[in-house]
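No gaps in the numbering here: position 152 of the sequence shown is 152 in the UniProt record's numbering, and each next residue is one more.
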Amino acid sequence: MTQQPTASTTSLSRLQELLPQLFQSTQLTGQPYLRFMVAEGIGALLSMEHVQESLIVEAEQITLIPNMARSVLGLMNSRDQVFCVVNLPQLLGYPDIIGSQRRYRVIVVRVPPSDYQRSGNGEALLGLAVPQIQGVTRLQEEQLQTEIAACPANLSPYVTATCQQDEQTLYLFYPPFLAKAPALYPT
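Dropping the structure here:
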């Protein structure tokens, strides 16, 4: 007795025929990094192991804090956690191109807590407001160059490696270094 094809098996066969790449397992290689822009022509990366989430946040969702460093936008809440949001381009010495926006693109990263931010799991969150988030890219370790002598002086304290992608130099930022930026702690 032969079995008649059902509508679902016929549909599945048709899908496999039209979209074979959907049914092929692909092995992703390399480590994932979030790619974003810091300023005009300045591309950057963050290792996904440090990234909690990326958000588009209305300006009203960020509470301003008086007497803070100019690069600190304020405090916000996400997933029942309150954390500081900084204007990353301004923190790094670039012109403030995002400070007056109605919406912010915020990358939330995990950092070691400072002396006043003790949390239960030993981590704190920091929001990095950036002009543009470009998505996730995968890189092999050999694509990263740890020699950062050509890195601009304002970036070098926060960068651990660089790489070339799409004819652009990308700077790999290390969030714990950003969290300790002197500009965040005015004297």
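Glycine is no exception: its CB is placed at the ideal position from the N, C-alpha and C atoms.
Fair warning: this is a prediction, and the values are worked out from it, not measured in the lab.
So residue i packs on residue j, CB below 8 Å; how close in whole Å?
i, j, result
"P182", "L126", "Contact doesn't hold; Cβ gap of about 15 Å is too wide."
"V108", "A179", "Incorrect: roughly 12 Å between the Cβ atoms, too far for contact."
"V38", "L92", "6 Å"
Taking the Cβ atom as the reference point for each residue, do residue i and residue j lie within a distance shorter than 7 Å?
i, j, result
"L170", "L45", "yes"
"Q90", "S114", "no"
"L184", "C163", "no"
"G43", "Q132", "no"
"V51", "L34", "yes"
"L88", "V130", "yes"
"Q134", "F36", "yes"
"A69", "P186", "yes"
Got a sec? Which residues, its chain only, sit under 7 Å from residue i by beta carbon, not counting five neighbours each side?
i, result
"V57", "M76, R103, Y104, V106"
Please classify residue i as buried or exposed, where buried requires at least 16 other C-beta atoms within 10 Å of its C-beta.
i, result
"N67", "exposed"
"V159", "buried"
"P95", "exposed"
"R79", "exposed"
"R14", "exposed"
"V85", "buried"
"I149", "Here the sequence assigns Ala to residue 149, which means Ile is not the residue at that position. It is exposed - the Cβ of A149 has fewer than 16 other Cβ atoms within 10 Å."
"S54", "buried"
Taking the alpha helix (DSSP H) that residue i belongs to, which residues open and close that run?
i, result
"P175", "175-179"
"P89", "88-91"
Over the uninterrupted beta strand (DSSP E) stretch that includes residue i, give me the two end residues.
i, result
"L128", "124-130"
"T29", "First-last for T29: undefined, no H or E at that position."
"M76", "72-78"
"G43", "42-47"
"L55", "51-58"
"Q101", "Unbroken run through Q101: none, as it is neither H nor E."
"Q140", "First-last for Q140: undefined, no H or E at that position."
"C163", "159-165"
Residues in the same chain with beta-carbon distance under 6 Å from residue i, minus the five sequence neighbours each way, listed in chain order, please.
i, result
"G30", "R138, L139, Q140"
Output needed for residue i: all residues of its chain with C-beta closer than 8 Å, excluding positions within five of it in sequence on either side, in chain order.
i, result
"L64", "L73, G74"
"V82", "L75, M76"
"T146", "T160, A161"
"G122", "P112, P113"
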